[in-house]
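Heads up: the sequence lines are chains S and E, in that order. For what it's worth, this note's numbering labels the leading residue of the first sequence as 20, then goes sequentially. For what it's worth, this note's numbering labels the leading residue of the second sequence as 20, then goes sequentially. Note that CB positions come from ideal geometry on N, CA and C, so glycine has one too. The structure appears right after this line, and notes come after that.
2 protein chains.
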Amino acid sequence: MNKKNVLVAQSGGPTSAINASLAGVLKATIDSDNYDRCYGAINGVLGVLSENYLDLTDKAKEDSDFIKLLNQTPAMYLGSCRFKLPEYRDDDSSYSFIFSQFRKLNIGAFFYIGGNDSMDTVLKLSNYAREIGSDVKIIGVPKTIDNDLCNTDHTPGFGSAAKYIASSLLEIAHDTFIYAVKSVTIVEIMGRDAGWLTAASALARNGYSTAPHLIYLPEVPFDKEKFISDVRHELSKRNNVIIAVSEGIRDKDGNYITSSKAMADTFGHQQLSGAGKALEFLVKENIDVKVRSVEINVLQRCAAHLASKTDLDESFAQGKKAVALSEEGQTGCMVVLKRISNAPYQVEYSYAQIKDIANEAKSVPVEWINREENDITEEFIEYLRPLIVGEAEHYYENGIPKYLDISHLNQKH
Amino acid sequence: MNKKNVLVAQSGGPTSAINASLAGVLKATIDSDNYDRCYGAINGVLGVLSENYLDLTDKAKEDSDFIKLLNQTPAMYLGSCRFKLPEYRDDDSSYSFIFSQFRKLNIGAFFYIGGNDSMDTVLKLSNYAREIGSDVKIIGVPKTIDNDLCNTDHTPGFGSAAKYIASSLLEIAHDTFIYAVKSVTIVEIMGRDAGWLTAASALARNGYSTAPHLIYLPEVPFDKEKFISDVRHELSKRNNVIIAVSEGIRDKDGNYITSSKAMADTFGHQQLSGAGKALEFLVKENIDVKVRSVEINVLQRCAAHLASKTDLDESFAQGKKAVALSEEGQTGCMVVLKRISNAPYQVEYSYAQIKDIANEAKSVPVEWINREENDITEEFIEYLRPLIVGEAEHYYENGIPKYLDISHLNQKH
């Protein structure tokens, strides 16, 4: 019986749920009649290029806690990379090496867990596979806190980041309302081009707390004068005003509202910081009120102790679905989630062609932003609500979360 | 039977445990044979000066969830203030008003929950009480994430902030180790003059992760050249270096290492920001390596979802102790905690004279910092360990933490 093996890797920016997808791939592989071993490549596709693998099979079969802990460990258990393959028509050396690795390891399917840039790798590898007549199935498993992958209702990692944002906004509200002096607090949230995560701050409104009082997304042009006018209006209604703003807000000419010089990462994305700081200065210059800004920074994407159970369950399920799709003979596609209903909340998993997804980005629909462009609609809130529901079971040891040992990463090269 | 009433208020900066102390005062009051009602003053002593009270008695007796939720709600349920009374010999008008309020409400004991500046109010009020021959007991209940109150082993609020710092450092380590490129991450932690909370980052070291690799406290002069040399040394040992630094680090001349202009708050404390940012620039100028800084900001003091059960239990107990001390006739004192043993961890509660505590601050003992002044000793780690143990039970509703309604705060004035 010549069973094939599976190769899986992770890529792009980390989330609290990307290991749940890996756990799903791993579980489905060891349970499958069609596959034998599950290999993980370290640091994404770079691991294939440098023949750096971890055999996950025995760990998964023999240690009953491994998959459970993997499910809850933040960031990439297999490490990550921000690396795009060249066009194979320009230079196919890396491609022929990768496929020789597939042959060497007897790989039947390669699963790449990542965001829209990572899906570019899935597109290129599956196109190349078709060119050379290779039978290896190349399938993408979605991942991103930004929720900007096309053709899927929402992405693994988003719900947990949203839960963290909403919970933190509520706690910041409690922290802010204690003084009987007027104040403005600006909270800067991740979201390079899409406002999905910033919008999730609205879920902090729980009946007694109406914060955030203003929400600014990057999908609509940011107007500084309108902003100051909005803030004055809110200050006429309450002492303490809390504002959620995306890191990617920009003016009508497309310039980012930032106080830092933008720097590019390897994918060509601008590293932004400073929208919150810039608005703090703007308020200070225009309104006589105590003002501070809070940049939530990396914590919103790696705070696995506050992961959404809904998110982790869906992330795990999508990892499993990828394996099932490969067994059905699918390739050049990405696992997607369809929402069947909202109340009760029900979803199903399917797939979409990778060419429609790679390098595309899904913005917040403009009709989900209010007319004043400083809040989101009730319809948007209803879309978001189910995604943050449920608390994942967590284990603590000596007062800190118990995660999987990742000392195979951070090695000196 | 002429039972007296109790008045309680909260003051200074918020923590995740200050409401647990309030809950302790409230519980002990309603269980006491000596007291009738428990009033809370809104926004600290300002509430007494403006006759702004909340009667907590019936809520506590009739709603079984009230004290439970109070125990877990972050920041001040009664609001806070940053206000110091003048010397009564200069101007006793506020004092005579306060004591007339005590008479009006039939107050037998006044409990003030706060840090060392708040203990100044306890000192002044108890001295004045003695001057005028008043029988009202004035007792301080400690509170601060900085752990810098004298004559007590550690303070309510510190353990929860420490648990948050340690857990976040571990998650930041997971987030950081994923890329196979050299990097430096600087994490800036609260601690205006005392390094207790920054030191707690060492509790993130869990066997597989050794981060943070360097720790800088404000108790020792910060040397920029030595810092760069330390960073180079760590980079020779590993790819990804994580550094914990207190917001209050300063050079040998006493100048803060910051990139922001310092601004003073009402207590005369400098509002610091930028040590992390300043060091990020310093590394960028001196070493060819990817570098970023994370400012943990307010989240470290209001993230009640990750409160330490040990901290909450001790905070509650100290609230109860304050009431017991008043019943024994004590006044002009603060509740303190003594550590009887470390393994097993055991404590007991007592009191100390307020004159030895108010306006004083406890620094980290220099012998608990290593000789290289870039880490802490094993003895210090043993001191810290028990304080973050245990996870408080938390309730969630619609995916966010369930806390007490604080809409009686944030009212327009």
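Not a single CB atom of chain E sits nearer than 7 Å to the CB of G267 (chain S).
For D172 (chain S), the closest alpha carbon among the candidates S:I419, S:H413, S:D136, S:V383 is that of S:V383.
Taking 8 Å as the cut-off between beta carbons, the residues of the region 212-240 of chain S near chain E are L222, A223, N225, G226, Y227, S228, in sequence order.
Rounded to whole angstroms, the separation of the alpha carbons of I126 (chain E) and R56 (chain E) is 9 Å. Contact check for T34 (chain E) against G267 (chain E) fails: the beta carbons are separated by 7 Å or more. Residues of the same chain with a CB within less than 6 Å of the CB of A128 (chain S), apart from the 5 flanking positions on each side, are V25, K156, S345 in chain order. Contacts between F196 (chain E) and chain S, judged by CB atoms closer than 8 Å, involve A94, G98, I425, L428, N429 in chain order. Contact of K182 (chain E) with chain S by beta-carbon distance below 8 Å involves G418, I419. Listed along chain S is no residue with a C-beta nearer than 9 Å to that of A60 (chain E); the closest approach is about 12 Å. In the displayed model, E238 (chain S) falls within coil according to three-state DSSP, outside both helix and strand.
Of the candidates E:G273, E:P237, E:D77, E:V160, E:V160 places its Cα closest to the Cα of A336 (chain E). I373 (chain S) and L142 (chain S) do touch by the CB rule: their CB atoms are close to 5 Å apart, below 8 Å. Across the region 324-340 of chain E, CB contacts with chain S closer than 7 Å involve H324, L325, S327, in sequence order along the chain. About 37 Å separates the beta carbon of D272 (chain S) from that of C321 (chain E), a gap too long to meet the 8 Å contact definition. The three-state secondary structure of M209 (chain S), taken from DSSP, is coil.
By a beta-carbon distance limit of 8 Å, G31 (chain S) contacts S99 (chain S). Their separation comes to about 6 Å. Between the beta-carbon of A323 (chain S) and that of D139 (chain S) there is about 27 Å, and that puts the pair past the 8 Å contact cut. Going by beta carbons, Y72 (chain E) and Y54 (chain E) fall outside the 7 Å limit. For I86 (chain E), the uninterrupted alpha helix (DSSP H) segment begins and ends at 83-91. Secondary structure in the region 331-361 of chain E: the beta strand (DSSP E) runs of 3 residues or longer, each lying completely within the stretch, are 352-360 in chain order. The three-state reading of DSSP puts D249 (chain E) in helix, counting H, G and I together. Interface annotation, V310 (chain S): not in contact with chain E, CB-CB separation never under 7 Å. Around G409 (chain E), the same chain offers S327, K328, T329 as residues with beta carbons nearer than 7 Å, after the five sequence neighbours per side are excluded.
Distance from the CA of T277 (chain S) to the CA of E416 (chain S), rounded to the nearest whole angstrom, comes to 41 Å. Here the region 210-221 of chain S makes contact with the region 231-243 of chain S; the two share three or more CB pairs at distances below 8 Å. Annotated three-state conformation of T204 (chain S) is strand, per DSSP. Taking 7 Å as the threshold, the shortest C-beta distance from R251 (chain E) to chain S does not fall below it.
For L318 (chain S), the uninterrupted alpha helix (DSSP H) segment begins and ends at 318-321. Under the three-state reduction of DSSP output, R122 (chain E) falls in the helix class.
Per DSSP, the continuous alpha helix (DSSP H) segment holding A47 (chain E) begins and ends at 37-50. Contact with chain E is found for N259 (chain S), since one of that chain's Cβ atoms lies less than 7 Å from the residue's Cβ. Taking H413 (chain S) as the centre and dropping the five residues before and after it, the same chain places the C-beta of Q91, H324, P420 closer than 7 Å to its C-beta, in chain order.
Using a CB distance cut-off of 7 Å, A199 (chain E) counts as an interface residue toward chain S. For Y147 (chain S), the enclosing alpha helix (DSSP H) stretches over residues 135-151.
For A322 (chain S), the chain E residues whose C-beta falls within less than 8 Å of its own C-beta are S187, E190, listed in chain order.
Chain-ordered, the chain S residues with CB closer than 7 Å to the CB of E410 (chain E) read Y415.
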